[in-house]
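Read the structure below first, then the notes.
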Amino acid sequence: MYSLQSGNRQHIIDFPEHAEVEILKAEGLPALADLKAALAAAFNNPVFDSGFRGTFPSRAVSGRVAFVVTETVTPEVLEVALPIILERLFQANADLKPSAVTIIVGDWLKRSNRADRFKKLFQTVNASGCRVIVHDPILQTMVEMGVTNRGTPVRVNSELANADLKIVLDRIKPCPLFGFVESPLRLARCCMSIDSIESLEAMVLPSAGENCRLDRHPVFDEIREIIHMVGIDGGVAGISSPTGETIRIVAGEPSMIIRQAASLYRRHYRISVSTPFDIAVVGFGPQRTDPFLELVQSGLLAAAQVLVDGGHVLIVGDDTRGVGTDIFFDYICHSLSPAALIDGFIKLRNQAGAGGLKQSNQQAAAADRSLEKIFGMEVIRRCQFRAADPSAVLAEWADEYEDRIRIAVIPEGHGSFFYPD
């Protein structure tokens, strides 16, 4: 018997007698109790070189300053970090005018369910005289910075290109599909042109596990080269747990921040599976606010990495849209292999990434980029919506197996990372 939580519902699951059950969950790290103290410590971290340690971002600035704020930065971290960084900046540069400081955000600001909270913060920044602009990857004036060794055109927002001090504010929280290369892609979407974004998205690897490894990853190699070409001076990022709590604040060179986050996750959130399972049961933990179909995507991706071909996935939800209080997806791998499933999601995300930005800018009034619209795809159509008791569903599947069956329980399907050895 196991108690599995998904949203506000607690499900008691009885497993078949001949089942070998394994709970796949990382221990993780606690949330930070004091964000200001963590930020101060980040600025003085001895891993930084002497030109950065203790001075960032308060070095002398002779001209303009540009911040890039990525789409997943949390209000809690931004509300702490941005005022402190600005204060240090103006203290070190008495002649620097607020009008010389520009904060660049992506069009995510229009769509975020926390947009009001962000807007209040940016209104305060605006009131101080700093400028806040929304980056448009199609209509914005871009500056050509060259081409990378792999051929990616580096065209960036002119406000960023022409600044003397360039700072990135980000949150590192790996995507179940794109792993840690999601962070470079978010940075690109907030300050680069459509062709630059599309070129980077085309380099994403077909395995979610591979995208959690940065060594020789084409997207990570590209973003390091782009950071050097653009001349980004540094960044500040909150590293989040899979459930969204801030567990570290890191300051430094942006690609180093991503590498540090990947190392942290590998130590504390890695889940290894040596032998595939016959059945995967997936929940999403308490108080999930993500769109349900986004959770389904995460759950299917997590399950696909631990299943044998021909296995079953039982995704347990508390969503009430359409088929009743409890929704279960019976995804049978005979009809689509785990590798094909992941490949299908990558193609979908690439189509909805830069392509979605084109649509949202060209047809702003009519565009609906919600996940519910995007997910009208073959993978979801192969799933069965069922309102049933999870134990009964497992018992039904168990009849297919004469010998012992192996069942994996993934309590946090939205944030479980299965690294290749």
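Each residue of the sequence shown is one higher than the one before, starting from 825 at the first, in my numbering. Don't be surprised by glycine CBs; every beta carbon is placed ideally from N, CA and C.
- About 32 Å separates the beta carbons of ILE1103 and ILE996, which is beyond the 8 Å limit, so they are not a contact pair.
- In this structure, GLY831 places its C-beta atom within 9 Å of the C-beta atom of PHE1108.
- In this structure, the beta-carbon distance from GLY1059 to VAL967 does not fall below 9 Å.
- By the Cβ criterion, the stretch 840-854 is in contact with the stretch 1214-1222, since at least three pairs of Cβ atoms, one from each stretch, lie closer than 8 Å.
- By the criterion of at least three beta-carbon pairs nearer than 8 Å, the stretch 1037-1051 is not in contact with the stretch 957-965.
- Annotated three-state conformation of LYS990 is strand, per DSSP.
- Rounded to whole angstroms, ILE908 and ALA985 show a C-alpha spacing of 24 Å.
- Check the Cα spacing between ASP1019 and each of VAL1005, GLN829, PRO998 and VAL980: the tightest is with VAL980.
- Our two residues, ASP1133 and ARG1013, have alpha carbons roughly 36 Å apart in a direct line.
- Per the coordinates, the alpha-carbon of PHE1242 lies some 12 Å from the alpha-carbon of GLY1123.
- The C-alpha of GLN829 is placed about 7 Å away from the C-alpha of PRO1235.
- Non-local beta-carbon contacts of GLU844 in its own chain, meaning distances under 8 Å to residues more than five positions away in sequence, involve ARG1228, ILE1229, ARG1230 and ILE1231 in chain order.
- Rounded to whole angstroms, LEU1138 and ARG1040 show a C-alpha spacing of 35 Å.
- Positions of the beta strand (DSSP E) runs, each at least 3 residues long and wholly inside the stretch 1010-1085, are given as 1058-1064 and 1070-1076 in order along the chain.
- Contact between ALA866 and ALA1086 fails: their C-beta atoms lie close to 17 Å from each other, not under 8 Å.
- Here LEU853 carries a coil assignment [DSSP, helix/strand/coil].
- According to DSSP, residue pairing for MET966 in a beta bridge involves ASN981.
- Only residues of its own chain outside the window of five on either side were considered, and among them MET969, VAL978, VAL980, LEU984, ALA985 and LYS990 have a CB closer than 8 Å to the CB of VAL1054, listed in chain order.
- Inclusion of ALA1126 and VAL1140 in the CB contact set at 9 Å is not warranted, their separation being larger than that value.
- Closest option to ALA864, judged by alpha-carbon separation, among ILE1095, ALA890, VAL901 and LEU1024: VAL901.
- Taking C-alpha positions only, PRO1214 is separated from SER1065 by approximately 28 Å.
- Classified as buried, ALA1061 has 16 or more neighbouring CB atoms from the shown chains inside 10 Å of its CB.
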